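Asks: Next up is a structure, given as C-alpha coordinates.
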Amino acid sequence: MNIQWTAVILATLSITTVYADTQNAQTVNAATIGFPLGCVATQTKTADNELILAPESTQKSRVYLLFNQSKKKYLINHVGDPGTASAGWGSVIEPGHWSAILLNQNNFSVNCTEYDGSFTQVLNCNNVMKVCQLSPKENSGFVGQGSFWIAENKTLENLYPTIHARGFKTSE
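What the sequence shown shows, in the numbering used here, is residues 106 to 277, in sequence order.
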(Lines of atoms letter the chains of each structure in order from A and count residues from 1; the text may use other names and numbers.)
(Lines give C-alpha, C1' and ligand atoms only; values in the text may rest on other atoms or scores of the structure.)
Protein backbone atom coordinates (compact mmCIF):
# COMPACT_ATOMS: atom_id res chain seq x y z
CA MET A 1 0.00 0.00 0.00
CA ASN A 2 2.82 2.44 0.79
CA ILE A 3 4.41 1.93 -2.63
CA GLN A 4 1.14 2.78 -4.40
CA TRP A 5 0.62 5.95 -2.35
CA THR A 6 4.21 6.98 -2.96
CA ALA A 7 3.66 6.60 -6.71
CA VAL A 8 0.48 8.69 -6.54
CA ILE A 9 2.22 11.40 -4.52
CA LEU A 10 5.18 11.47 -6.93
CA ALA A 11 2.86 11.62 -9.93
CA THR A 12 0.95 14.48 -8.30
CA LEU A 13 4.19 16.32 -7.56
CA SER A 14 5.29 15.90 -11.19
CA ILE A 15 2.01 17.30 -12.47
CA THR A 16 2.25 20.20 -10.04
CA THR A 17 5.82 20.88 -11.12
CA VAL A 18 4.87 20.89 -14.80
CA TYR A 19 1.95 23.22 -14.05
CA ALA A 20 4.18 25.55 -12.05
CA ASP A 21 6.71 25.58 -14.89
CA THR A 22 4.06 26.56 -17.45
CA GLN A 23 2.91 29.32 -15.13
CA ASN A 24 6.49 30.61 -14.85
CA ALA A 25 6.92 30.42 -18.62
CA GLN A 26 5.60 33.98 -18.77
CA THR A 27 9.15 35.28 -18.44
CA VAL A 28 12.10 34.67 -20.71
CA ASN A 29 15.02 32.91 -19.04
CA ALA A 30 17.01 35.94 -17.89
CA ALA A 31 20.22 33.91 -17.61
CA THR A 32 20.25 33.40 -21.39
CA ILE A 33 19.97 37.12 -22.12
CA GLY A 34 23.20 38.92 -21.35
CA PHE A 35 23.67 42.65 -21.20
CA PRO A 36 24.91 44.46 -24.31
CA LEU A 37 28.54 45.49 -24.58
CA GLY A 38 29.36 48.45 -22.33
CA CYS A 39 26.35 47.94 -20.07
CA VAL A 40 26.71 46.46 -16.60
CA ALA A 41 24.27 45.27 -13.98
CA THR A 42 23.37 48.12 -11.69
CA GLN A 43 22.00 48.74 -8.25
CA THR A 44 18.25 49.24 -8.12
CA LYS A 45 15.70 49.11 -5.33
CA THR A 46 12.12 48.01 -5.28
CA ALA A 47 9.20 49.42 -3.37
CA ASP A 48 5.86 47.69 -3.76
CA ASN A 49 5.86 46.82 -7.47
CA GLU A 50 7.96 49.82 -8.50
CA LEU A 51 11.59 49.76 -9.55
CA ILE A 52 13.78 52.60 -8.29
CA LEU A 53 16.69 53.56 -10.53
CA ALA A 54 19.73 55.45 -9.21
CA PRO A 55 18.76 54.94 -5.56
CA GLU A 56 22.02 56.28 -4.12
CA SER A 57 24.04 57.37 -7.10
CA THR A 58 26.74 60.02 -6.94
CA GLN A 59 26.90 60.31 -10.73
CA LYS A 60 25.29 63.38 -12.26
CA SER A 61 24.15 61.62 -15.40
CA ARG A 62 23.31 57.97 -15.99
CA VAL A 63 22.03 56.00 -18.97
CA TYR A 64 20.03 52.88 -18.19
CA LEU A 65 19.01 50.18 -20.63
CA LEU A 66 15.73 48.47 -19.77
CA PHE A 67 14.89 45.06 -21.23
CA ASN A 68 11.42 43.50 -21.33
CA GLN A 69 12.13 39.90 -20.34
CA SER A 70 8.44 38.97 -20.16
CA LYS A 71 6.24 37.66 -22.93
CA LYS A 72 3.83 40.57 -22.64
CA LYS A 73 3.81 44.17 -23.81
CA TYR A 74 3.69 46.63 -20.92
CA LEU A 75 3.91 50.31 -20.10
CA ILE A 76 6.88 51.66 -18.14
CA ASN A 77 5.70 54.80 -16.37
CA HIS A 78 7.17 57.38 -14.06
CA VAL A 79 4.59 59.34 -12.13
CA GLY A 80 5.48 63.00 -11.73
CA ASP A 81 5.47 64.77 -8.39
CA PRO A 82 1.83 65.48 -7.53
CA GLY A 83 2.88 68.83 -6.01
CA THR A 84 4.07 70.16 -9.36
CA ALA A 85 2.63 70.69 -12.81
CA SER A 86 4.86 67.87 -14.08
CA ALA A 87 2.80 65.07 -15.56
CA GLY A 88 3.80 61.44 -15.47
CA TRP A 89 5.25 59.98 -18.61
CA GLY A 90 5.52 56.48 -19.93
CA SER A 91 6.77 54.26 -22.68
CA VAL A 92 5.43 51.00 -24.10
CA ILE A 93 7.92 48.16 -24.41
CA GLU A 94 7.27 44.90 -26.24
CA PRO A 95 8.63 41.46 -25.28
CA GLY A 96 12.32 41.07 -26.08
CA HIS A 97 12.76 44.81 -26.71
CA TRP A 98 14.97 47.45 -25.09
CA SER A 99 14.54 51.09 -24.09
CA ALA A 100 17.22 53.56 -22.99
CA ILE A 101 16.72 56.40 -20.53
CA LEU A 102 18.99 59.24 -19.40
CA LEU A 103 18.57 60.18 -15.74
CA ASN A 104 19.90 63.23 -13.95
CA GLN A 105 18.14 62.56 -10.66
CA ASN A 106 18.26 59.94 -7.93
CA ASN A 107 15.45 57.69 -6.74
CA PHE A 108 13.68 57.67 -10.08
CA SER A 109 10.82 55.22 -9.68
CA VAL A 110 8.99 53.48 -12.50
CA ASN A 111 6.02 51.18 -12.47
CA CYS A 112 5.08 48.54 -15.01
CA THR A 113 1.51 48.01 -16.18
CA GLU A 114 0.38 45.32 -18.56
CA TYR A 115 -0.50 47.04 -21.79
CA ASP A 116 -3.54 45.52 -23.47
CA GLY A 117 -5.22 48.75 -24.50
CA SER A 118 -6.82 49.34 -21.11
CA PHE A 119 -3.81 49.24 -18.72
CA THR A 120 -5.48 46.80 -16.38
CA GLN A 121 -2.82 44.86 -14.49
CA VAL A 122 0.03 46.29 -12.43
CA LEU A 123 3.14 44.12 -12.75
CA ASN A 124 6.15 43.79 -10.49
CA CYS A 125 8.83 45.59 -12.52
CA ASN A 126 11.53 43.48 -10.90
CA ASN A 127 9.98 40.35 -12.43
CA VAL A 128 9.50 41.64 -15.97
CA MET A 129 12.39 44.05 -16.48
CA LYS A 130 16.14 43.56 -16.63
CA VAL A 131 18.25 46.72 -16.09
CA CYS A 132 21.85 47.66 -16.82
CA GLN A 133 23.75 50.95 -16.86
CA LEU A 134 26.10 52.27 -19.53
CA SER A 135 29.50 53.20 -18.17
CA PRO A 136 29.79 56.87 -17.06
CA LYS A 137 32.42 57.82 -19.66
CA GLU A 138 30.03 56.89 -22.43
CA ASN A 139 27.36 59.43 -21.53
CA SER A 140 29.32 62.19 -19.79
CA GLY A 141 28.41 64.81 -22.41
CA PHE A 142 24.81 64.87 -21.24
CA VAL A 143 25.24 65.98 -17.63
CA GLY A 144 22.49 68.38 -16.67
CA GLN A 145 20.44 67.73 -19.78
CA GLY A 146 17.41 66.54 -17.81
CA SER A 147 15.88 63.09 -17.79
CA PHE A 148 14.40 61.68 -20.99
CA TRP A 149 13.92 58.60 -23.13
CA ILE A 150 16.85 58.17 -25.51
CA ALA A 151 15.42 55.13 -27.30
CA GLU A 152 12.10 53.37 -26.85
CA ASN A 153 10.94 49.84 -27.63
CA LYS A 154 13.86 48.80 -29.85
CA THR A 155 15.32 45.45 -30.76
CA LEU A 156 18.93 45.11 -29.64
CA GLU A 157 19.95 45.43 -33.28
CA ASN A 158 18.27 48.86 -33.50
CA LEU A 159 19.00 50.07 -29.96
CA TYR A 160 22.58 51.27 -30.37
CA PRO A 161 22.05 53.01 -33.73
CA THR A 162 19.20 54.96 -32.11
CA ILE A 163 21.36 55.83 -29.09
CA HIS A 164 24.20 56.97 -31.38
CA ALA A 165 21.80 59.08 -33.46
CA ARG A 166 20.89 60.97 -30.27
CA GLY A 167 24.58 61.87 -29.74
CA PHE A 168 25.60 59.26 -27.17
CA LYS A 169 28.85 57.34 -27.51
CA THR A 170 28.96 53.67 -26.56
CA SER A 171 31.32 50.71 -26.79
CA GLU A 172 28.95 48.97 -29.20
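Where is the CB? At the ideal position from N, CA and C, for every residue including glycine. This one's a predicted model, so the numbers in the text were calculated from it and none came from an experiment.
In whole angstroms, give me the CA-to-CA distance for residue 181 and residue 175.
Replies: Cα-Cα distance, rounded: 13 Å.
Asks: Using 10 angstroms around the beta-carbon of residue 269, count the other beta-carbons present and answer buried if the total reaches 16, otherwise exposed.
Replies: By the neighbour-count rule (16 or more Cβ atoms within 10 Å), residue 269 is not buried but exposed.
Asks: Just reading off the alpha helix (DSSP H) that residue 262 is part of, what are its end residues?
Replies: 261-270 is the span of the alpha helix (DSSP H), which, as asked, contains residue 262.
Asks: Do residue 233 and residue 217 have their C-beta atoms within less than 7 Å of each other?
Replies: The answer is yes: Cβ separation under 7 Å.
Asks: Would you identify the three-state DSSP class for residue 184, choosing helix, strand or coil?
Replies: Coil.
Asks: Starting from residue 173, trace the alpha helix (DSSP H) in both directions and tell me its first and last residue.
Replies: Careful: residue 173 lies outside any alpha helix (DSSP H), inside the beta strand (DSSP E) at 167-173.
Asks: Mapping DSSP to helix, strand and coil, what is residue 231?
Replies: Helix.
Asks: Verify whether the separation of the beta carbon atoms of residue 173 and residue 200 is less than 7 Å.
Replies: Going by C-beta atoms, residue 173 is nearer than 7 Å to residue 200.
Asks: May I have the straight-line CA-CA distance separating residue 146 from residue 197, to the nearest angstrom?
Replies: Each residue's alpha carbon lies about 22 Å from the other.
Asks: Please classify residue 257: does DSSP put it in a helix, a strand, or coil?
Replies: Strand at residue 257.
Asks: Using a Cβ-Cβ cutoff of less than 6 Å, which residues in the same chain neighbour residue 264 once the five nearest sequence positions on both sides are dropped?
Replies: Closer than 6 Å at Cβ, skipping near neighbours: 203, 256.
Asks: Taking only the alpha-carbon atoms, compute the straight-line gap between residue 286 and residue 141 and give it to the nearest angstrom.
Replies: Since the first residue of the chain shown is 106 and the last is 277, residue 286 is not available in this structure.
Asks: Does the distance from the CB of residue 169 to the CB of residue 238 come in under 7 Å?
Replies: Cβ distance < 7 Å, so residue 169 and residue 238 count as in contact.
Asks: Within 10 angstroms of its Cβ, does residue 271 collect 16 or more other Cβ (buried), or is it exposed?
Replies: Residue 271 should be labelled exposed.
Asks: What does the Cβ neighbour count give for residue 163, buried or exposed, with the cut at 16 atoms within 10 Å?
Replies: Looking at its Cβ environment, which holds fewer than 16 other Cβ atoms inside 10 Å, residue 163 is exposed.
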